[in-house]
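Peer 1:
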Amino acid sequence: PRHFAIVPAAGSGSRMGAVRPKQYLPLLGRPLIHHALSVLCASPDIDKVFVVLSVDDAEWSRHDWSTLGGKLVPLFCGGATRADSVLGGLRAISGEAAQSDWVLVHDAARPCLAPWHIDKLVRELAHDEVGGLLAVPVADTLKRADPQRHVAGTVPRDSLWQAQTPQMFRYVMLRRALQGATDVTDEASAIEAAGLRPRLVQGDATNLKVTYPLDLHLAEWILQNREG
Ligand code: CTP
Ligand code: MG
């Protein structure tokens with residue numbers, strides 16, 4: 009099977025509170041999204057990289073993406089939610105993707121994706137029926153709050169993982185799952201809602217999602233201090 013990447017990049021970055029969507033904020037001299045796209049495009053495991061942009065995206069065309077090569081394809085078919093954007097991307101590539109091809113969905117907002125993250129995910133899931141996702145074990149002690157914000161319980165963390173991306177599933181399985189899902193914030197939850205069990209592949213905390221301004225500083229530090 010082939011491996012396609014779909015990169016949802018049609019969000020507005022409201023929690024970031026910047027003047028433009030966070031995927032276009034400068035990070036070490038390049039648009040933030042350029043970092044993940046360049047790692048995906050350079051990966052020998054990935055055949056093509058589809059970026060899902062907002063239908064009224066005004067920024068994409070202002071940058072030069074040609075150095076990333078011929079694998080990169082922009083799709084102006086973003087939706088109201090992340091899941092809608094991913095589903096739009098899946099529909100747009102229906103002519104190209106076969107039923108059992110793999111799709112790796114990766115947030116544009118995770119610029120510190122490293123080649124080894126992709127390698128490990130693809131290798132560990134290669135013979136899996138369902139697929140799975142990068143994730144890291146939860147480090148903090150977790151509290152459940154009551155409506156008055158008193159602690160109603162401590163959630164044992166030993167079986168809890170934080171979901172990251174890429175999340176890798178078979179094309180048709182993922183499309184069906186997302187079509188039938190409501191209120192999902194990642195692909196895995198749509199697959200779970202369809203009654204299947206995605207596999208957790210251990211990544212690391214460097215693959216953070218840029219959500220708040222602090223995350224941009226952390227991402228910059230991670231990229232600058234990475235070996236190789
Ligand atoms: N995304 C998308 N389409 C949407 C919403 C989000 O493609 N309608 C993408 C974002 O561009 C981002 C990824 O999904 O790359 C993860 O979403 P998130 O971190 O929530 O980004 P935003 O929705 O842009 O940020 P916020 O929730 O703070 O507004
Ligand atoms: Mg969002």
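Just so we're aligned, residue 9 is where the sequence shown starts under the UniProt record's numbering, counting upward by one. By construction, the Cβ of each residue, glycine as well, lies at the ideal position given by its N, Cα and C atoms. A quick note: this is a predicted structure, and the numbers were derived from the prediction, not measured.
1. Counting only the same chain and skipping the five closest in sequence on each side, list residues whose C-beta sits under 7 Å from that of Ala160.
2. Taking one C-beta from the region 64-83 and one from the region 178-192 each time, how about it: are there three or more such pairs within less than 8 Å?
3. Is Glu137 buried or exposed, if buried means 16 or more other CB atoms sit within 10 Å of its CB?
4. Would you call the region 26-35 and the region 194-212 touching, i.e. three or more CB-CB distances under 8 Å?
5. In whole angstroms, what separates the C-alpha of Pro145 from that of Trp169?
6. What does the Cβ neighbour count give for Thr190, buried or exposed, with the cut at 16 atoms within 10 Å?
7. Using only CA atoms, which one of Ser69, Arg165, Glu132, Phe12 lies nearest to Ala50?
8. In chain order, what residues have a CB nearer than 7 Å to some heavy atom of the ligand CTP?
9. Ends of the beta strand (DSSP E) at Ile14?
10. I need the boundaries of the alpha helix (DSSP H) containing Trp229, first residue and last residue.
11. Using the C-alpha atoms, what's the distance from Asp166 back to Asp53?
12. Let me know if Gly140 comes out buried or exposed under the rule of 16 or more other beta-carbons within 10 Å of its beta-carbon.
13. First and last residue of the beta strand (DSSP E) that includes Lys128?
Peer 2: Inspection of the coordinates gives the following:
1. Arg152, Ala153, Asp154
2. no
3. exposed
4. no
5. 4 Å
6. exposed
7. Phe12
8. Pro16, Ala17, Ala18, Gly19, Ser20, Gly21, Ser22, Arg23, Met24, Pro29, Lys30, Gln31, Val60, Gly86, Gly87, Ala88, Thr89, Arg90, Asp92, Ser93, Asp115, Ala116, Ala117, Lys217, Thr219
9. 11-17
10. 221-232
11. 32 Å
12. buried
13. Careful: Lys128 lies outside any beta strand (DSSP E), inside the alpha helix (DSSP H) at 123-133.
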